[in-house]
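Here the structure comes first, spelled out in structure tokens, and everything after it is commentary.
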Amino acid sequence: MSNVHVLPPLPFADNALDPVISANTLSFHYGKHHKAYVDNLNKLVAGTELADLSLEQVIAATVGRADKAGIFNNAAQIWNHTFYWNSLTPKGGGEPPAALKQKIEASFGTVEACKQELATAATTQFGSGWAWLALDGDKLKVVKTANANVPLTEGMKTLLVIDVWEHAYYLDYQNRRADYVSAVLDRLINWGFAENNLG
Ligand code: MN
């Protein structure tokens with residue numbers, strides 16, 4: 012039996028992030044891009060030894076393998092996008108919950124410094140990629156990855172992510188990636204999700 016990968020439902024209505032991220036952007040980003048990664052992965056693994064693996068298992072089995080790059084890219088992009096939607100919430104931003112705030116202050120000094128580091132990573136990632144808040148051992152870190160890459164594969168636990176592929180912001184912000192990133196950090200970032208991921 013083949014394990015069919017599915018497009019998970021968005022955790023909010025498609026106009027719930029407006030005006031920071033418009034329903035128009037979501038209709039393409041979720042409805043076309045995210046969906047295409049799911050459709051592509053299902054086609055690529057059908058009938059192969061990867062067909063019965065979970066999404067995480069497919070990622071682990073293909074990371075760093077040049078002959079499996081297409082499968083890795085689609086699988087990791089499914090995972091990354093699902094994680095990104097959960098990293099956003101319509102009434103986000105503001106102060107992180109207490110346990111996360113304490114951890115942020117221990118690692119960055121202040122919440123503002125953490126947000127600044129995330130914004131810098133997001134705006135300086137050259138080309139397509141992702142800016143992550145991750146737990147590395149006992150310390151929080153900001154990490155950027157290119158294309159589909161995910162710090163999971165380097166042993167870090169991811170807490171939240173910002174998508175900085177142009178398709179994430181171009182319809183709403185054109186070339187102004189920094190404006191998209193700062194609006195997301197101030198108004199949509201889901202600190203509660205990040206705290207839950209501390210485990
Ligand atoms: Mn994307």
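Going by our numbering, the letters in the sequence shown line up with residues 12 to 210, in that order. In this text, a Cβ means the ideal position worked out from N, Cα and C, and glycines have one as well. Remember, predicted model here, so these are calculated numbers, not experimental data.
{"Asked": "6 angstroms Cβ shell around residue 208 - same chain, five flanking residues per side excluded", "Found": "170"}
{"Asked": "Nearest residue (CA-CA) to residue 136, options 198, 189, 21, 57", "Found": "189"}
{"Asked": "Assumed close pair residue 193, residue 130 - CB separation to whole angstroms, cut-off 8 angstroms", "Found": "6 angstroms"}
{"Asked": "beta-carbon residue 179 near the ligand MN non-hydrogen atom, thresh 6 angstroms", "Found": "yes"}
{"Asked": "Pairwise C-alpha distance: residue 204 and residue 108", "Found": "10 angstroms"}
{"Asked": "Validate contact between the segment 138-151 and the segment 171-191 using beta carbons, cut 8 angstroms, 3 pairs", "Found": "yes"}
{"Asked": "Presumed contact (8 angstroms Cβ cut-off) between residue 151 and residue 118, rounded CB distance", "Found": "4 angstroms"}
{"Asked": "Residue 176 beta carbon near the ligand MN (any heavy atom closer than 6 angstroms)", "Found": "yes"}
{"Asked": "CB of residue 70 within 7 angstroms of CB of residue 87, strictly", "Found": "yes"}
{"Asked": "Nearest residue (CA-CA) to residue 197, options 122, 148, 66", "Found": "122"}
{"Asked": "Reference residue 79, options 90, 93, 96, 60, closest by Cα", "Found": "60"}
{"Asked": "Three-state class that DSSP yields for residue 100 in the structure shown", "Found": "coil"}
{"Asked": "Continuous beta strand (DSSP E) assignments of at least 3 residues falling wholly in the segment 177-202", "Found": "none"}
{"Asked": "Coil, strand or helix - residue 134 by DSSP", "Found": "helix"}
{"Asked": "6 angstroms CB neighbourhood of residue 27 in its chain, flanking five on each side removed", "Found": "101"}
{"Asked": "Supposed close pair residue 103, residue 199 - CB separation, criterion 8 angstroms", "Found": "4 angstroms"}
{"Asked": "Close Cβ partners of residue 16 (< 7 angstroms) along its chain, the five nearest in sequence each way excluded", "Found": "49, 52, 53, 66, 89"}
{"Asked": "Where residue 25 falls: helix, strand or coil (DSSP)", "Found": "coil"}
{"Asked": "7 angstroms Cβ cutoff, residue 150 in contact with chain C", "Found": "Going by chain labels, chain C is absent from the structure shown, which holds only one protein chain."}
{"Asked": "Chain-order list of residues whose beta-carbon lies under 8 angstroms from that of residue 72 (same chain, five-residue window excluded)", "Found": "61, 64, 79"}
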